[in-house]
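Enquirer:
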């Protein structure tokens, strides 16, 4: 029987592309990224506060948060990533401050448990149904304590349209990744074909996701209950305008 799971539920995809997506230099930059995130307007947490990292991948931000003294919960649905994250936490001697949960982001919720929730590295909009995106947003809102804050970081519709390239090659330590992109559904969906080439071996996956403009994403977050939602174009909280590098959204409960 063929495997009909979508790409984001296929552990083989995440394991195959792990080194391409998470080279060691990204782990080395995690602390610097967090310094900027924690300094964003509206983010008001101190060591000892509770932070949700969803999804957490192999733990690069979860471990860095624990090293700063936060009480961290990392959630992901890829067992191999969670195993790596636990090992990294143990090696950093912060295993007592971070726990890792194997769960689908559409299902995870822990009402009122967190002071800060992070959704980073374009980890939103994977699902065919818009209702699933809204469900994730609702659970993030519910999981925050009153006064808590959500920070989301993703490549937006505006930045992708401005810098669109139908085909790119990216090199990493062990090989190459070829990405071919097609925009569909009136600029609401991106169809990607990812080819991983390592030592002559080629693996291919179709990787699709929904595209959000700043207006669409902030409207969604307001709809699920966030009271104050602001968009920024960089980790340094620069304006979200024609020079934006990413879409950073800070939403306060």
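Residue numbers (full-length UniProt numbering): 1 to 253.
Beta carbons: idealized from backbone N, C-alpha and C, even for Gly.
Bear in mind that the values here come from a model prediction, so they are computed numbers and not experimental data.
(1) Nearest to residue 220 by CA position, among 250, 233, 41, 148, is which residue?
(2) Can you list, in chain order, the residues of its chain with a C-beta nearer than 8 Å to that of residue 1? Leave out the 5 residues immediately preceding and following it.
(3) Note down, in chain order, each residue of its chain lying with its Cβ closer than 7 Å to the Cβ of residue 208, except the 5 sequence neighbours on either side.
(4) Under a three-way DSSP split, which group does residue 36 fall into?
(5) Excluding the 5 residues preceding and the 5 following residue 11 in the sequence, name in chain order all residues of the same chain whose CB lies nearer than 6 Å to its CB.
(6) Quick one: using the 10 Å Cβ neighbour count with 16 as the cut-off for buried, is residue 174 buried or exposed?
(7) Could you have a look at residue 254 and say whether DSSP puts it in helix, strand or coil?
(8) Can you round the beta-carbon distance between residue 148 and residue 116 to whole angstroms, since I take them to be within the 8 Å contact cut?
(9) Could you check if residue 202 is buried or exposed, using at least 16 other CB atoms within 10 Å of its CB as the buried criterion?
(10) Note down, in chain order, each residue of its chain lying with its Cβ closer than 7 Å to the Cβ of residue 146, except the 5 sequence neighbours on either side.
(11) Among residues of its own chain, excluding the 5 on either side of residue 104, which ones have a beta-carbon nearer than 7 Å to its beta-carbon?
(12) Looking at the structure shown, is residue 227 part of a helix, part of a strand, or coil, going by DSSP?
(13) Give me whichever residues DSSP pairs with residue 208 in a beta bridge.
(14) Which residues in the same chain as residue 204 place their Cβ atom closer than 6 Å to its Cβ, once the five residues preceding and following it in sequence are excluded?
(15) Using the three-state DSSP reduction, which class does residue 171 fall into: helix, strand or coil?
(16) Using 10 angstroms around the beta-carbon of residue 48, count the other beta-carbons present and answer buried if the total reaches 16, otherwise exposed.
(17) Tell me, please, which residues DSSP counts as bridged to residue 99.
(18) Hey, which unbroken runs of the beta strand (DSSP E) at 3 residues or more fall wholly within the UniProt domain "Methyltransferase" (51 to 148)?
(19) Considering Cα atoms alone, identify which of 112, 107, 213 is closest to residue 264.
(20) Which word fits residue 199, buried or exposed, when buried means at least 16 other C-beta atoms lie within 10 angstroms of its C-beta?
Expert: Well, looking at it:
(1) Here the question's residue 220 lines up with position 220 in the chain shown. The option with the nearest alpha carbon to residue 220 is 250.
(2) In the chain shown, the residue the question calls residue 1 occupies position 1. Reliability fails at residue 1, whose pLDDT of 41 lies under 50, so the model's placement of it is uncertain and the value that follows must be treated cautiously. If we look at residue 1 and ignore the five residues flanking it on each side, it has no Cβ neighbours.
(3) In the chain shown, the residue the question calls residue 208 occupies position 208. If you ignore the 5 residues before and after residue 208, its C-beta comes within less than 7 Å of the C-beta of 189, 190, 191, 192, all in its own chain and listed in chain order.
(4) Position 36 of the chain shown, counted from the start, is the residue given in the question as residue 36. Residue 36 falls in the helix class under three-state DSSP.
(5) Here residue 11 refers to the residue found at position 11 when the chain shown is read from its first residue. Taken in chain order, the residues that qualify are 78.
(6) Taking the first residue of the chain shown as position 1, residue 174 is located at position 174. Label assigned to residue 174: exposed.
(7) Lying before the first or after the last residue shown, residue 254 is absent from the chain, which here runs from 1 to 253.
(8) Locating residue 148 in the chain shown gives position 148, where the first residue counts as 1. Locating residue 116 in the chain shown gives position 116, where the first residue counts as 1. Going by Cβ atoms, the distance from residue 148 to residue 116 rounds to 6 Å, so yes, they are a contact pair.
(9) The sequence position of residue 202 within the chain shown is 202, counting from 1. Exposed, because fewer than 16 other Cβ atoms sit within 10 Å of the Cβ of residue 202.
(10) Here residue 146 refers to the residue found at position 146 when the chain shown is read from its first residue. Within the same chain, residue 146 has close Cβ partners 253.
(11) Translated into positions along the chain shown, residue 104 becomes position 104. So the qualifying residues of the chain are 77.
(12) Locating residue 227 in the chain shown gives position 227, counting from the first residue. Residue 227: coil per DSSP, three-state reduction.
(13) Translated into positions along the chain shown, residue 208 becomes position 208. DSSP, once it has assigned bridges, lists 191 as partnering residue 208.
(14) As a first step, residue 204 is located in the chain shown; it is residue number 204 there, counting from the start. Once the five neighbours on either side are set aside, the close Cβ partners of residue 204 are 195.
(15) One-based indexing of the chain shown puts residue 171 at position 171. DSSP, reduced to helix, strand and coil, places residue 171 within a strand of the structure shown.
(16) Residue numbering aside, residue 48 sits at position 48 when the chain shown is read from its first letter. The residue is exposed, with fewer than 16 neighbouring Cβ atoms inside 10 Å.
(17) In the chain shown, residue 99 corresponds to position 99, counting from 1. Partner(s): 73.
(18) 71 to 76, 98 to 102, 114 to 119
(19) The displayed coordinates of the chain run from 1 to 253. Any statement about residue 264 would go beyond what the structure contains.
(20) Counting from 1 along the chain shown, the entry for residue 199 is found at position 199. Label assigned to residue 199: exposed.
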